[in-house]
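Colleague:
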Amino acid sequence: MTASPFTADDYGHMARALQLAVRGLSGARPNPRVGCVLVKDGRVIGEGWHAYAGGPHAEIVALQAAGAEARGATCYVTLEPCRHQGRTGPCTTALIDAGVREVVAATEDPNPKMTGEGLAILRAAGIATRAGLLAGEAENLNAGFLRRMRGGGPYVRVKAGMSLDGRAALAGGGSQWITGAAARRDVQRWRARSCAVVTGVGTVLADDPRLNVREPDALEGLREQPLRVVLDAKLRTPPKARLLTEPGRVLIFTATADDERTKKLLAAGAGIETLPAPDGRLDLTVVLQRLAQREINEVWVEAGPRLTGAFLQSRLADELIAYVAPKLLGHDARAMAEFPPFDTLADAPEWHWRDVRVCGTDLRLILAPKQR
Numbered sequence: 052m053t054a055s056p057f058t059a060d061d062y063g064h065m066a067r068a069l070q071l072a073v074r075g076l077s078g079a080r081p082n083p084r085v086g087c088v089l090v091k092d093g094r095v096i097g098e099g100w101h102a103y104a105g106g107p108h109a110e111i112v113a114l115q116a117a118g119a120e121a122r123g124a125t126c127y128v129t130l131e132p133c134r135h136q137g138r139t140g141p142c143t144t145a146l147i148d149a150g151v152r153e154v155v156a157a158t159e160d161p162n163p164k165m166t167g168e169g170l171a172i173l174r175a176a177g178i179a180t181r182a183g184l185l186a187g188e189a190e191n192l193n194a195g196f197l198r199r200m201r202g203g204g205p206y207v208r209v210k211a212g213m214s215l216d217g218r219a220a221l222a223g224g225g226s227q228w229i230t231g232a233a234a235r236r237d238v239q240r241w242r243a244r245s246c247a248v249v250t251g252v253g254t255v256l257a258d259d260p261r262l263n264v265r266e267p268d269a270l271e272g273l274r275e276q277p278l279r280v281v282l283d284a285k286l287r288t289p290p291k292a293r294l295l296t297e298p299g300r301v302l303i304f305t306a307t308a309d310d311e312r313t314k315k316l317l318a319a320g321a322g323i324e325t326l327p328a329p330d331g332r333l334d335l336t337v338v339l340q341r342l343a344q345r346e347i348n349e350v351w352v353e354a355g356p357r358l359t360g361a362f363l364q365s366r367l368a369d370e371l372i373a374y375v376a377p378k379l380l381g382h383d384a385r386a387m388a389e390f391p392p393f394d395t396l397a398d399a400p401e402w403h404w405r406d407v408r409v410c411g412t413d414l415r416l417i418l419a420p421k422q423r
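Counting from 52, one number per residue, gives the positions in the sequence shown under this note's numbering.
#1: In whole angstroms, what separates the C-alpha of G217 from that of P400?
#2: Would DSSP call M52 helix, strand or coil?
#3: So within the region 53-97, which uninterrupted alpha helix (DSSP H) runs reach at least 4 residues, ignoring any that extend past its ends?
#4: Using the Cβ count rule (16 or more neighbours within 10 Å means buried), how would you classify T395?
#5: According to the Cβ coordinates, are I111 and I147 closer than 8 Å?
#6: Would F362 be called buried (16 or more neighbouring beta carbons within 10 Å of its own) or exposed?
#7: Give a single yes or no on whether G299 has its beta carbon closer than 7 Å to a heavy atom of the ligand FMN.
#8: Please go through the region 328-403 and give each complete beta strand (DSSP E) segment of 3 or more residues, from N-terminal end onward.
#9: Could you give the residue range of the alpha helix (DSSP H) that holds D148?
#10: Using only CA atoms, which one of V301, D268, P260 lies nearest to V280?
#11: How big is the Cα-Cα spacing for P277 and L185?
#12: Give the straight-line distance between the Cα atoms of V409 and R240, rounded to the nearest whole angstrom.
#13: Excluding the 5 residues preceding and the 5 following A189 in the sequence, name in chain order all residues of the same chain whose CB lies nearer than 6 Å to its CB.
#14: In or out: S365 buried (at least 16 other Cβ within 10 Å) or exposed?
#15: Is it true that the CB of R244 sits closer than 8 Å to the CB of V438?
#16: Determine the extent of the alpha helix (DSSP H) in which E110 is found, giving its start and end residues.
Here it is as structure tokens:
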């Protein structure tokens, strides 16, 4: 058996760095959430995290906290230190100038053009490096960013609120509120960590939602509201819709070239992008590609049964987050997702459990699609 290159102390310090990274959960986007801990002679001498895009990186914050003591220290960081000049200077240069002895990274840079280069620069400067400590936890924290940097689309979470019998609204459309206050607060926290909240025009017309972050706890660390995205092939969004009256950006994807409607929505503050829709419906894969090009890492889908079903059936959802209320609404009530009829049970999409917990008076279920 090969001995682990990491000690119990290594694990403890990286776990702390991951805790710090979580503090940038809402504010760091579209950048990754990164935490850093500097340790010397067994003692923590500096900590930092990346709080917001354009602000100092986690390593810089930790180095500033440590000051001259950083010389000879070990740096634990949840993502390989950057070696490029962006909105801030290269972290590799700062670590070399500070005289750190070793850098331990949870994951390497996900950009294929830069993977491993930051660590290589550090080694060339005489700094020891190790990588891979708690890599799974670090990847989960930045799943959307890592996927986008590797050329993929954003990480998609689909939210559903439903009764015990899988119903999202009464037959007449009444749905406020199936779930309780704790579940609604939890939804606000998921919105806050997302780069974009996606809905369909049907939900806008039926419920006139705001789709913003309002809970004080969820607002902590948030510097900008998530982009609110409406999928509206026929451009039916009312210019006076509430989501257009709240702070933050709104983007409408449409397939309709209607100059008059476009003019009114632009005047109301919306951004509009036209996409092809050969069958009258927007292609969700194309929508996600366009969002990735806009530096969207994580998407939170909060929509009606048709769009919810489309995301789930197309296997574009990475997670389904369902809030289940202890109520029974009956067979005439509206389903939480619309699917075409399945010929056999084997045709039905299957999911596996990731997390189940009580959320106030309800249950919160987190599921991921089962790979076939």
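Here a beta-carbon is modelled for each residue, glycine too, at the ideal position from N, C-alpha and C.
Modeller: On the basis of the supplied data:
#1: 15 Å
#2: The pLDDT assigned to M52 is 47, lower than 50, so where the model puts this residue is not dependable, and the model offers no usable value.
#3: 59-73
#4: exposed
#5: no
#6: buried
#7: As presented, the structure is devoid of all ligands, the ligand FMN included, so that no description of it is given.
#8: 349-352, 370-376
#9: 142-149
#10: Nearest C-alpha to V280: V301.
#11: 29 Å
#12: 16 Å
#13: T129, A157, T158
#14: Burial is judged here by how many other beta carbons sit within 10 angstroms of a residue's own beta carbon; S365 has fewer than 16 and is exposed.
#15: Residue 438 lies beyond the range of the chain shown here (52 to 423); nothing can be said about it.
#16: 109-117
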